[in-house]
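Below, the structure written as structure tokens:
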């Protein structure tokens with residue numbers, strides 16, 4: 031016999047339940063898996079022979095809304111079974127009434143707090159002429175969802191501690207191999223049981239429940255629990271963001287099949303409806319076959335606001351390879367010609383240049399097609415810059431454990447206006463800072479001063495056919511070492527130079543992203559799409575596209591010549607704090623305060639990777655130069671390394687004692703530099719961290735990862751500042767490391 035919703039089913043019914051290949055109630059599809067309940071949340075009330083009383087207004091509202099939903103989706107048999115088991119009259123399923131079921135749901139009436147009889151009349155009153163009244167797509171969903179997701183009363187509130195404590199004792203008594211996996215259930219159950227008590231106005235019971243069990247939760251949920259402790263009345267729950275997260279998204283737990291069967295059997299035997307209903311409605315159990323995971327393996331992947339990522343979320347193919355570089359012939363400069371005449375040195379140099387060129391001629395099998403997303407054509411100035419880049423790369427220093435980079439630190443003194451963001455151009459000629467007083471300042475790092483284009487009257491006097499016309503249009507009279515850009519009306523939190531150094535992006539608390547011309551030092555466009563502060567913005571490696579992320583929980587993809595976003599990347603449960611383009615510009619990575627990292631496909635707008643493991647808001651991201659790996663840093667002081675192709679964590683670097691604000695790979699990817707609020711720059715051996723990986727052994731199917739605790743082996747050096755938090759890092763084309771921050775007296 032199997033216990034279902036407080037009632038019993040006979041042997042025949044039990045056989046039917048076990049053989050039906052559908053959802054197991056945890057949100058999973060396992061055709062060969064026996065099921066605890068036969069239907070999805072809401073309709074599960076009909077599974078048992080016991081007939082729930084439909085007298086309470088909230089119960090009636092829920093049942094009628096479910097009936098309405100089933101009829102609308104042409105699930106007549108299910109609706110009839112539910113009506114019969116709930117003891118409702120046949121008039122409820124009147125065909126004419128059912129036809130009009132959707133007609134009233136688009137209104138503004140509050141179903142959750144409305145009168146049951148009013149809802150009943152909306153279900154049964156037919157539309158004029160008996161025809162179905164047309165409704166706009168999606169209009170009828172919210173009201174039904176409000177009813178289904180509301181925390182309904184599930185019994186004696188005084189017993190909630192008994193239920194939770196009973197499950198806790200059971201999990202503590204199972205074998206060690208299962209205990210770690212089943213312990214994942216504690217936190218989401220605790221949150222939802224507490225919210226259920228608050229929602230039903232049991233304030234004293236809720237407070238007692240919170241005080242007794244909040245100390246048992248993992249330490250990385252402290253911030254969430256502090257917010258939760260402030261929700262003590264039903265009125266506090268309206269519009270609360272944290273509550274909205276828990277009610278609208280299912281908490282994902284990854285559990286082995288053996289552990290799952292243990293939990294299911296326990297709930298069957300105890301007939302624990304309160305816990306079962308919460309698991310069914312608010313949790314998603316992602317079951318895998320194989321050995322249960324250890325405590326360390328689970329801890330490595332947990333910590334996100336919504337639990338771990340479903341395995342399906344990381345199975346999409348990602349084209350992480352680099353795009354084929356355009357073929358540009360590298361002309362010999364004067365030094366090379368002289369050397370060739372004297373000693374024939376370029377014979378040694380030429381193979382380097384040719385090898386660099388031949389590398390770009392081979393198409394990477396993991397790379398997207400050149401035309402997958404439209405990219406801007408190379409201008410003559412871009413080709414000249416490419417040539418300069420190739421020349422610089424021939425003089426690049428090869429870094430490694432025995433050859434660490436020199437570090438040049440730019441300290442912003444007297445930055446009482448609060449330095450909030452820094453960026454350096456790719457050729458390291460300009461540095462820009464964003465400040466809390468809403469200004470953006472640009473400095474020249476080279477002896478060359480900043481000049482802007484002459485006025486229109488002066489430009490008319492210039493000979494446009496002269497060879498040095500580009501030099502003549504610049505005004506030497508206004509040349510200075512720095513320029514200040516005014517326009518934002520709030521602190522500037524993110525800045526980014528365009529690859530061609532002609533433009534600068536800035537994002538601000540005022541909700542806008544501004545595009546500045548570095549030829550006129552004026553604002554060209556103000557992009558307004560975010561309604562709240564914009565924490566970060568980043569140019570694409572090829573220019574033209576840029577991404578922004580902010581407090582509204584979404585990242586937006588823009589093109590410089592469009593005032594509306596091209597894509598909106600929605601999925602994070604909290605602020606999008608940082609964003610980075612993949613080197614091939616086909617993907618965007620975003621880090622969030624929900625402690626998760628997401629990878630978005632620029633072409634489709636889909637989320638193709640969800641990476642969980644950080645225990646605090648993510649503030650730094652960096653792709654390796656080959657596009658295969660991603661490094662992330664957060665307030666937990668850890669640097670996590672990810673394999674993009676498999677969507678798995680492959681390394682953990684521990685050593686920082688405060689928030690990591692900047693990560694950067696050296697130009698060839700041998701060294702990873704991390705800058706932190708603990709006033710240090712640390713260098714890590716990226717080559718060793720990634721070369722030791724055997725990607726063929728990755729078992730993404732089971733979710734098992736074995737992280738080596740080799741942070742000290744990979745740490746190549748720690749460099750301390752006197753009292754300057756490191757908020758930006760940049761490797762020059764020759765692999766000199768530049769760092770920047772504001773002195774904190």
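In the working numbering, the protein residues as written are 31 to 775. Note that CB positions come from ideal geometry on N, CA and C, so glycine has one too. Since this is a predicted model, take the numbers as computed values, not measurements.
Check: At least 3 beta-carbon pairs within less than 8 Å: the segment 345-357 vs the segment 310-320; Outcome: no
Check: Residue 522 versus 458, 515, 469, residue with shortest Cα-Cα distance; Outcome: 469
Check: Every unbroken alpha helix (DSSP H) within the segment 193-273, with a cutoff of 4 residues, ordered by chain; Outcome: 206-212, 216-229, 233-243, 252-259
Check: Residue 570 (DSSP reduced to helix, strand or coil); Outcome: coil
Check: Segment contact flag, the segment 403-415 with the segment 679-699, C-beta cutoff 8 Å, min 3 pairs; Outcome: no
Check: Helix, strand or coil at residue 69 [DSSP, three-state]; Outcome: At residue 69 the pLDDT is 33, less than 50, meaning the model places this residue with poor confidence; the figure from the coordinates comes in the next sentence. Coil, per DSSP.
Check: Residues that residue 758 bridges to, as DSSP identifies them; Outcome: 770
Check: Cross-strand partners of residue 582 (DSSP beta bridge); Outcome: Paired residue(s): none; residue 582 is not in a bridge.
Check: Residue environment, residue 642, which counts as buried when at least 16 other CB atoms sit within 10 Å; Outcome: buried
Check: Nearest neighbour of residue 657, chosen from 357, 768, 675, 667 [CA to CA]; Outcome: 675
Check: CB of residue 333 within 9 Å of CB of residue 644, strictly; Outcome: yes
Check: Own chain residues within Cβ distance below 6 Å of residue 546, not counting five before or after; Outcome: 515, 534, 553
Check: Bounding residues of the beta strand (DSSP E) (the contiguous stretch that carries residue 453); Outcome: 449-454
Check: CA-to-CA distance, residue 263 to residue 118, given in whole angstroms; Outcome: 33 Å
Check: Three-way DSSP call (helix, strand, coil) for residue 750 in this model; Outcome: strand
Check: Beta-carbon spacing of residue 338, residue 284 below 9 Å; Outcome: yes
Check: Beta-carbon spacing of residue 570, residue 615 below 9 Å; Outcome: yes
Check: Environment of residue 568 [buried if 16+ CB atoms lie within 10 Å]; Outcome: buried
Check: Nearest candidate by alpha-carbon position, reference residue 532, set 492, 579, 598, 460; Outcome: 460
Check: C-alpha distance - residue 61 paired with residue 266, whole-angstrom precision; Outcome: A caution first: residue 61 carries a pLDDT of 36, below 50, which makes its placement in the model unreliable, though a value can still be read off. Computed Cα separation, rounded: 42 Å.
Check: Cβ contact (3+ pairs, closer than 8 Å) linking the segment 392-403 and the segment 707-724; Outcome: no
Check: Boundaries (first-last residue) of the beta strand (DSSP E) holding residue 679; Outcome: 678-684
Check: Alpha-carbon to alpha-carbon, residue 331 and residue 799; Outcome: Residue 799 is absent from the structure shown; the chain starts at 31 and stops at 775.
Check: Reference residue 562, options 551, 622, 580, closest by Cα; Outcome: 580
Check: CB contact flag (residue 279, residue 259, <9 Å); Outcome: no
Check: Where residue 614 sits in the DSSP three-state scheme; Outcome: coil
Check: Paired residues, beta bridge with residue 418 - DSSP; Outcome: Partner(s): none; residue 418 has no beta bridge.
Check: Rounded straight-line distance, which links the Cα of residue 737 to that of residue 328; Outcome: 11 Å
Check: Cβ pair residue 458, residue 697 closer than 9 Å; Outcome: no
Check: Residue 789 to residue 448 span [Cα, whole Å]; Outcome: No answer is possible for residue 789: it lies beyond the span of the chain, which begins at 31 and ends at 775.
Check: Nearest-angstrom beta carbon gap, residue 664 and residue 649 [assumed within contact, 8 Å]; Outcome: 6 Å
Check: First through last residue of the alpha helix (DSSP H) which encompasses residue 289; Outcome: 287-300
Check: Cα-Cα separation between residue 426 and residue 765, rounded to whole angstroms; Outcome: 6 Å
Check: Chain-order list of residues whose beta-carbon lies under 8 Å from that of residue 551 (same chain, five-residue window excluded); Outcome: 472, 480, 482, 513, 515
Check: Unbroken alpha helix (DSSP H) run spanning residue 114, endpoints; Outcome: 106-116
Check: Nearest candidate by alpha-carbon position, reference residue 542, set 548, 560, 247; Outcome: 560
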